[in-house]
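One structure is given here, and the rest of the page talks about it.
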Amino acid sequence: MKRFIALLGLPAFLLMLPFDAAADTLNQADTAWIMTSTALVLFMCIPGLALFYGGLVRTKNILSILMQCFAITAVVSALWLAFLYSLSFSDGGGMNAWIGGLDKSFLAGVTVDSLSGTIPESVFSMFQLTFAIITPALVIGGFAERVRFSAVMMFTVLWMILAYAPLCHMVWGGGWLAEMGVKDFAGGTVVHINAGVAALVAALMMGPRRGFPTTMMLPHNMTMTFTGAAMLWVGWFGFNGGSAVAANGSAGMAILATHMGAAAGSLAWMAMEWIRHGKPSMLGIVTGMVAGLGTVTPASGFIGPMGGFMIGLIAGVVCYWSVIIIKQKLKIDDSLDVFPVHGVGGIMGTILTGVFAAPALGGLGFDEGITMIQQVGIQTVGAVVTIAWSAVASYIVFKLTDALVGLRVDQQEETEGLDLVFHDERGYNFDSGSR
Amino acid sequence: MKRFIALLGLPAFLLMLPFDAAADTLNQADTAWIMTSTALVLFMCIPGLALFYGGLVRTKNILSILMQCFAITAVVSALWLAFLYSLSFSDGGGMNAWIGGLDKSFLAGVTVDSLSGTIPESVFSMFQLTFAIITPALVIGGFAERVRFSAVMMFTVLWMILAYAPLCHMVWGGGWLAEMGVKDFAGGTVVHINAGVAALVAALMMGPRRGFPTTMMLPHNMTMTFTGAAMLWVGWFGFNGGSAVAANGSAGMAILATHMGAAAGSLAWMAMEWIRHGKPSMLGIVTGMVAGLGTVTPASGFIGPMGGFMIGLIAGVVCYWSVIIIKQKLKIDDSLDVFPVHGVGGIMGTILTGVFAAPALGGLGFDEGITMIQQVGIQTVGAVVTIAWSAVASYIVFKLTDALVGLRVDQQEETEGLDLVFHDERGYNFDSGSR
Amino acid sequence: MKRFIALLGLPAFLLMLPFDAAADTLNQADTAWIMTSTALVLFMCIPGLALFYGGLVRTKNILSILMQCFAITAVVSALWLAFLYSLSFSDGGGMNAWIGGLDKSFLAGVTVDSLSGTIPESVFSMFQLTFAIITPALVIGGFAERVRFSAVMMFTVLWMILAYAPLCHMVWGGGWLAEMGVKDFAGGTVVHINAGVAALVAALMMGPRRGFPTTMMLPHNMTMTFTGAAMLWVGWFGFNGGSAVAANGSAGMAILATHMGAAAGSLAWMAMEWIRHGKPSMLGIVTGMVAGLGTVTPASGFIGPMGGFMIGLIAGVVCYWSVIIIKQKLKIDDSLDVFPVHGVGGIMGTILTGVFAAPALGGLGFDEGITMIQQVGIQTVGAVVTIAWSAVASYIVFKLTDALVGLRVDQQEETEGLDLVFHDERGYNFDSGSR
Amino acid sequence: MKFLIAIIKPFKLDEVRQALSDVGVTGVTVTEVQGFGRQKGHTEIYRGAEYNVDFLPKLKIEVALTEDLLDQAVQAIQSAASTGKIGDGKIFVLDLENAYRIRTGESGNNAL
Amino acid sequence: MKFLIAIIKPFKLDEVRQALSDVGVTGVTVTEVQGFGRQKGHTEIYRGAEYNVDFLPKLKIEVALTEDLLDQAVQAIQSAASTGKIGDGKIFVLDLENAYRIRTGESGNNAL
Amino acid sequence: MKFLIAIIKPFKLDEVRQALSDVGVTGVTVTEVQGFGRQKGHTEIYRGAEYNVDFLPKLKIEVALTEDLLDQAVQAIQSAASTGKIGDGKIFVLDLENAYRIRTGESGNNAL
Ligand SMILES: Nc1ncnc2c1ncn2[C@@H]1O[C@H](COP(=O)(O)OP(=O)(O)O)[C@@H](O)[C@H]1O
Ligand SMILES: Nc1ncnc2c1ncn2[C@@H]1O[C@H](COP(=O)(O)OP(=O)(O)O)[C@@H](O)[C@H]1O
Ligand SMILES: Nc1ncnc2c1ncn2[C@@H]1O[C@H](COP(=O)(O)OP(=O)(O)O)[C@@H](O)[C@H]1O
């Protein structure tokens with residue numbers, strides 16, 4: 006949920022529509038906080054996620070990751086300006102249950118004075134854009150080290166239209182999932198399940214990296230991954246805290262619950278490794294953190310700090326096993342484990358939102374007349390619909406992309422590395438100093 | 006323009022003077038946002054710009070770049086405290102058209118209660134300081150890999166007095182360019198043209214690096230450059246958004262337009278490389294982003310998102326060609342391309358501000374009674390004056406510096422690298438782990 | 006001092022207690038700023054401090070530093086949730102002079118509506134948590150490159166209970182030091198002296214690294230240290246500026262004074278090296294910055310910008326000599342110089358707060374009826390008590406830890422490096438790209 | 656005894672090591688090197704300029720072995736490292752006068 | 656003249672250099688290498704998976720010296736580099752036909 | 656055939672490669688090494704302490720060539736790498752018994 010619902014006691018989906026903002030007045034403090042949150046969420050993607058992912062690939066592919074994150078940022082911004090914001094957040098007329106309209110194409114009507122709730126619509130649109138940026142960027146982890154650069158560009162355009170915009174509208178833009186009462190505070194469905202499923206579909210369609218699973222493909226720079234991970238943790242305060250779209254107790258509590266989810270996810274994964282391998286690893290603890298954060302995201306505005314902590318613990322344990330099952334058991338080469346971490350985390354989090362929102366568990370409660378069981382049911386529908394929609398849309402997108410520009414590099418290109426093949430550059434020239 | 010002009014309907018330059026603040030009352034939301042923006046702009050310089058530049062030099066000179074950015078931060082802060090804030094923003098009496106006075110030396114009168122507009126003067130002064138810091142730091146790209154460290158220190162002191170303070174006062178401190186109606190929201194003239202021209206003057210006076218242009222001088226660490234670039238993008242939200250000096254629709258729109266400028270600059274440069282070289286590079290896309298950002302800066306508070314996007318596209322294409330002309334054609338070794346990116350971008354942006362401010366192009370309009378043609382004329386005067394002033398001031402500063410401490414290293418020092426020669430340190434000791 | 010005292014004219018310690026918040030109303034701007042500050046302070050620890058410290062160790066131990074900082078973040082968060090917040094900030098009943106109670110265990114009563122002063126208690130608690138996180142993380146510099154990972158975990162739990170919570174309560178939670186009038190705006194005692202002394206105790210108890218002082222142990226990555234240092238500078242705006250717990254002139258002035266302290270510390274250390282070694286180093290200037298920041302911290306909310314600058318100058322010179330005395334003269338292997346920088350800086354800063362708060366020196370003045378001499382006396386008591394408490398508590402903690410899990414690695418493990426020994430990982434696999 | 660220096664394509668390391676171990680060679684030492692030869696390098700883009708980078712990352716494998724293993728070892732490297740494309744590398748054979756195992760002080764064939 | 660190639664454990668470098676200089680060797684050249692041999696490597700964890708990394712960081716020391724120094728030099732390395740544990744490394748001795756000092760053009764023993 | 660090992664100052668690489676190619680040598684292999692010799696290293700500052708770092712970054716160039724090219728090649732390296740300052744480096748000449756081209760299996764002079 007992107008707007009603070011307690012304010013007027015109206016159903017959440019009504020409050021989410023920017024065009025209902027006529028009666029609102031500007032709240033400068035909310036504005037200041039959402040501008041800050043916008044910076045934090047952009048920071049999560051570039052450099053945050055880019056570094057987190059980048060450190061995990063081999064040296065020869067490092068720039069491909071950074072470049073893809075950066076180019077996605079630029080391309081999604083252009084699409085947002087052109088029609089994506091409109092498709093996501095404007096009134097879709099007869100199609101409104103599924104998708105918005107084109108009235109706000111080229112951000113028509115987004116003026117210096119127009120408001121969305123208590124904040125300028127420019128700020129609302131910009132804040133939402135940062136979510137639209139990071140979602141396809143999450144997906145690239147699924148096909149890392151073997152994808153063609155032009156395929157990533159093509160995928161981004163098609164997928165934002167077919168997968169992101171509809172789901173975003175359904176959940177946050179006043180579509181049917183919102184009407185049905187699905188609670189997704191900051192992106193369990195739209196962002197995490199959506200990205201996780203797309204990555205899994207891509208991994209299955211493209212096949213494993215050459216040498217997988219026998220060849221070791223160790224992270225080339227764990228310090229880079231650490232840096233990105235830490236940026237993700239901090240930036241997530243804007244991701245979840247900003248999703249209150251206000252600077253108030255709701256935002257504050259979302260940050261606190263989010264933080265506890267991250268801490269608990271880290272500790273749970275660390276414990277799993279300590280028990281099973283005898284040693285905890287750096288990659289393990291940061292992966293647990295991401296699992297905790299992804300999982301707590303849909304719930305973050307509806308729960309208390311203990312709820313956040315419990316969700317984080319569950320996330321750390323379940324995502325740990327999910328990685329092992331997907332990669333070691335099923336031998337699916339979702340290169341950077343996007344599905345087991347974000348997909349599984351998003352699914353769990355969306356459903357657990359229905360549990361930990363219960364006042365008995367420190368949560369903020371359910372809508373009038375809804376029981377925990379009912380809410381869990383609604384949440385499950387939300388998760389299942391998102392999985393199905395994302396799977397189908399992603400399949401279509403990758404098929405189209407493969408037909409149009411080709412998805413995967415050939416063997417020799419894969420051996421040489423994507424940096425030289427697609428960008429004529431290498432990440433590091435440390436020895437250049439001697440020349 | 007550093008203060009929000011629509012508020013009282015007064016000419017911008019009046020509102021920019023901190024001493025007119027008598028009647029204002031504290032706005033805490035504005036204060037929160039400008040403190041945040043201050044952090045973001047400092048973050049742009051250290052570590053942002055330092056990493057962006059640092060990744061581009063050879064290993065043996067990496068610390069020289071980081072050290073120069075850091076030392077500039079410290080030195081400019083001390084100067085600001087001593088007299089630079091006063092020269093830039095206090096009343097210059099008879100000289101007020103050109104330069105401020107010394108009344109506010111040692112930040113006299115900047116107390117816990119004094120206001121500048123709606124924010125504490127401490128916050129205003131600190132925010133402005135971050136702009137004063139990043140400007141000379143931009144210049145060092147022009148003479149990278151061959152300058153003496155003491156020369157950088159000397160240059161910083163002299164140049165801040167002769168180039169930065171007067172231009173800042175003329176444009177933002179109530180000087181004659183402000184009175185004439187030059188619109189520079191966040192630093193097209195004071196920061197970007199000023200820095201770009203100084204870098205060009207330095208490059209011409211010091212001559213090319215040894216081996217230029219035949220020897221390859223590849224960036225030693227593109228991941229560092231990426232990280233810095235991403236920090237610049239995010240930090241620029243504070244640079245331009247903070248220049249509204251308020252948390253409101255003006256700030257929000259500035260951020261949105263800025264973001265679109267960055268995205269468009271990235272895409273334009275990427276397209277140029279894809280067409281001309283067959284492949285887009287990481288360095289290309291981030292350079293396009295910086296070009297877009299530098300160019301949109303003066304306009305950012307006067308335009309809409311489409312205006313920002315158009316400016317970014319123009320910036321990406323023109324700066325791409327500018328780099329090629331300056332470096333490959335004219336063989337001027339402006340090491341990190343400061344002039345073709347920031348100088349050319351700043352000039353274009355300052356002039357295009359007069360164009361895209363037009364309501365017909367989604368802009369916020371001109372002052373009462375001013376036409377687009379007139380505004381373009383005024384803007385051109387602003388750009389030309391800045392170029393001329395900066396060129397002359399920089400020439401004097403570098404001549405003086407050369408005479409006093411020597412600008413350039415000798416051949417053997419250049420071969421050995423500035424890190425060992427001036428700092429007795431090396432950037433990396435990866436193998437030290439084995440010992 | 007963590008809450009803005011001028012507001013009601015009440016003694017500071019009363020205002021610091023969250024349970025006195027009944028009459029307060031929510032200030033959204035303050036809330037926005039403290040949420041921002043919270044992000045900034047967490048950012049100081051991960052990635053900031055982790056990178057700053059990490060760059061200074063040898064390659065084989067880099068992950069141990071990053072991992073320790075990260076795990077400390079998670080563990081302290083869990084403790085905070087469980088009882089540490091309560092021990093630090095709730096009413097301790099009969100023990101209230103020394104320690105808080107357990108009423109707020111599991112953040113009981115921290116609801117979406119509960120306030121602490123003008124901000125949600127969730128935000129207050131979260132902001133304070135970031136201070137609790139960074140303090141033990143500072144300590145690890147004292148025993149870097151030779152400590153067992155399980156010992157760090159054990160130390161964190163015990164030390165937070167025995168050292169951090171009591172001191173935090175005494176100074177900020179309404180304990181006797183607060184009542185006595187000790188002024189510590191943002192952590193000279195609780196954070197810096199406390200961490201510095203603990204590091205010294207650890208270094209003495211564990212003995213030097215193998216090869217110290219004859220073997221060179223050069224920083225493996227100065228660019229990482231630079232990046233962390235710059236993040237610390239920027240993040241400190243949240244550390245000190247946030248400690249006003251308001252978005253107002255007090256916060257603004259704290260930031261300005263803090264910034265000047267950092268600049269002056271940098272310049273002072275640079276000058277010392279330039280004079281004594283003939284060259285200034287990168288490591289030197291950033292160390293001076295940290296010294297300046299640590300020292301100005303307790304004073305930052307009570308002084309003016311000139312006061313900040315003077316404190317920074319003193320810090321740069323004194324900490325420079327402290328490092329030499331501790332490490333070269335006394336041959337104590339406080340690996341990353343935590344005591345001479347943070348400990349000595351914290352002691353100086355705590356005492357100098359009593360000096361530079363004087364209106365004659367640009368400060369904000371003393372409490373009614375207190376002279377400078379008296380305040381210096383009170384401050385000295387505060388510093389001495391903190392040193393003593395921390396030394397005793399740390400000694401007990403390390404003795405216990407040694408008995409329970411062992412503090413130090415054996416010779417062969419030290420040679421191999423902590424990354425492989427405790428985490429089965431290496432920081433860099435640059436050559437993995439070729440495979 | 657012989658001292659064998661092979662320059663190979665980096666991604667062939669595992670196969671070469673396996674092949675050597677199959678013929679009875681237990682120890683090898685590997686170094687990252689840059690090769691210049693017939694195989695041409697690549698182009699790098701730098702802000703509108705194009706540079707030719709003509710070194711290529713290769714691995715150098717050094718093996719000390721007894722004379723009787725020489726032919727099989729050469730053969731093993733040859734077939735494991737070959738892709739049939741230019742730049743596959745070289746094998747150089749030098750004479751080795753003596754060898755010592757540091758741990759034990761053994762010398763000659765026993766030290767290998 | 657002889658050309659001596661020693662593979663040692665990295666942390667022994669300073670001791671070996673000292674020992675060599677004590678017997679009169681003034682110049683050495685050192686390279687970071689990866690060693691495969693009897694000494695086993697280590698395990699690395701990667702998200703629930705465990706990998707065996709079987710190369711070990713070693714240093715290669717190359718020394719050109721006159722024949723009369725050979726035995727002492729071998730002896731010096733031997734004792735300075737030894738820890739008695741597996742993986743201490745090897746010393747290989749090759750014949751060196753000639754040597755030149757680039758700066759002066761001197762050749763033979765004078766060039767060392 | 657001969658196997659030539661040259662230690663040079665890193666910034667001389669391009670000149671040396673050019674000179675070798677001028678005399679007909681087409682392939683070389685280059686390694687980054689650390690040299691210890693007469694040339695002294697540098698000082699590093701670390702928080703008030705000064706350390707002497709006595710290794711220097713050098714490049715090692717390895718060339719396999721036919722006997723008839725030996726003198727010219729030595730000559731070429733000598734003059735291209737020389738600055739006349741201490742630390743210019745060395746050239747070592749070893750005998751090369753055989754060489755193989757991996758791609759084709761050719762051996763002897765044809766393999767170079
Ligand atoms: N004469 C030589 N001396 C030393 N190394 C050589 C020589 N010739 C080739 N090499 C090494 O072998 C590698 C492969 O040689 P190249 O000529 O590219 O292909 P090929 O081995 O297929 O003929 C080179 O990159 C270089 O490292
Ligand atoms: N036959 C060989 N040829 C080249 N290098 C070798 C050979 N055998 C061992 N080495 C090198 O020596 C190192 C130590 O050898 P290893 O078998 O582990 O222990 P030890 O020397 O104690 O027998 C290896 O890591 C490898 O670098
Ligand atoms: N005896 C030797 N064996 C192996 N390498 C040597 C030897 N002597 C010198 N070197 C290498 O040659 C480099 C230059 O030698 P140095 O004594 O500094 O100067 P010069 O070659 O001018 O006498 C050294 O850094 C080292 O790498």
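Protein chains in written order, with the working numbering: chain A, 6 to 440; chain B, 6 to 440; chain C, 6 to 440; chain D, 656 to 767; chain E, 656 to 767; chain F, 656 to 767.
Just so you know, even glycine gets a beta-carbon here, dropped at the ideal spot from N, CA and C.
(request) Would you mind working out which of A:Y325, A:I308, A:I104 sits nearest L366 of chain A, comparing C-alpha positions? (result) That would be A:I308, whose Cα lies nearest to the Cα of L366 of chain A.
Exercise. Terminal residues of the continuous beta strand (DSSP E) containing V683 of chain F?
Worked result: Unbroken beta strand (DSSP E) run through V683 of chain F: 683–691.
Point to revise | Proximity to M4 of chain A [Cα-Cα], best of A:V389, A:G186, A:I319, A:I330 | key: Residue 4 of chain A falls outside the range modelled here, since chain A spans only 6 to 440, and no answer is possible.
Quick one: using the 10 Å Cβ neighbour count with 16 as the cut-off for buried, is T355 of chain A buried or exposed? Around the beta carbon of T355 of chain A, 16 or more other beta carbons lie within 10 angstroms, which makes this residue buried.
Report task. Measure the Cβ-Cβ separation of H197 of chain A and T302 of chain A and say whether it is below 9 Å. Result -> A contact, by the Cβ cut-off of 9 Å.
Residue interval of the beta strand (DSSP E) (run including L714 of chain E):
Per DSSP, the unbroken beta strand (DSSP E) holding L714 of chain E starts and ends at 711–720.
| Own chain, CB closer than 8 Å to A736 of chain D, minus 5 neighbours either side, in chain order | Here the set comprises A661, I663, K664, K667, E670, V671, D743, G744.
Just verifying my parser: in three-state terms, what is the DSSP assignment at I663 of chain E? Reduced to three states, the DSSP call for I663 of chain E is strand.
Checklist entry - Along chain B, which residues have their Cβ under 8 Å away from the Cβ of I700 of chain D? => result Per Cβ cutoff of 8 Å: E278, H282, K284, S286, L288, G289.
May I ask you to check if the CB of A768 of chain D is nearer than 8 Å to at least one heavy atom of ligand 2? Outside the modelled stretch of chain D, which goes from 656 to 767, sits residue 768 of chain D, for which no answer is possible.
Quiz item: Does I746 of chain F come within less than 9 Å of chain D when only Cβ atoms are used?
Solution: The beta-carbon of I746 of chain F is placed no less than 9 Å from the nearest beta-carbon of chain D.
Practice prompt. Determine the closest residue to F244 of chain C out of C:A304, C:I280, C:A269, with distance taken between C-alpha atoms.
Written response: Nearest neighbour of F244 of chain C by Cα position, chosen from C:A304, C:I280, C:A269, turns out to be C:A304.
message = Between T686 of chain D and chain F, is the shortest Cβ-Cβ distance under 9 Å, so that the two count as touching?
response = With its beta carbon less than 9 Å from one in chain F, T686 of chain D belongs to the interface.
Worksheet item: Residues of chain D with a CB under 9 Å from the CB of D750 of chain F: which are they?
Response: The answer, in chain order, is L749, D750.
Next item on the list: Apply the 10 Å Cβ neighbour rule to A393 of chain A and answer buried if 16 or more other Cβ atoms are within range, or exposed otherwise.
Entry: Exposed.
Could you check the C-alpha separation between D436 of chain B and T64 of chain C for me, to the nearest Å?
Distance between the alpha carbons of D436 of chain B and T64 of chain C: 7 Å.
What are the residues that DSSP puts in a beta bridge with V152 of chain A?
Beta-bridge analysis with DSSP links V152 of chain A to A:R413.
When the Cα of R151 of chain A is compared with those of A:S69, A:Q379, A:L369, A:A262, which residue comes out closest? Minimum Cα distance to R151 of chain A is reached at A:S69.
Residues of chain B with CB under 8 Å from L405 of chain C, in chain order?
-> What L405 of chain C touches in chain B: nothing, since even the nearest Cβ is about 32 Å away.
Item to check | Proximity test, Cβ basis, 9 Å: G760 of chain F and chain D | outcome: Yes, G760 of chain F counts as interfacial toward chain D.
Open item on the list: Between T681 of chain D and ligand 2, is there a pair consisting of the residue's CB and a ligand heavy atom that are separated by less than 8 Å?
Closed with: Within the cutoff, so yes.
Where F658 of chain E meets chain F, residues with beta-carbon distance less than 7 Å: Chain F residues near F658 of chain E: F747, L749.
**Report entry** V748 of chain F - containing beta strand (DSSP E), residue span
**Finding:** V748 of chain F: member of the beta strand (DSSP E) spanning 745–750, first to last residue.
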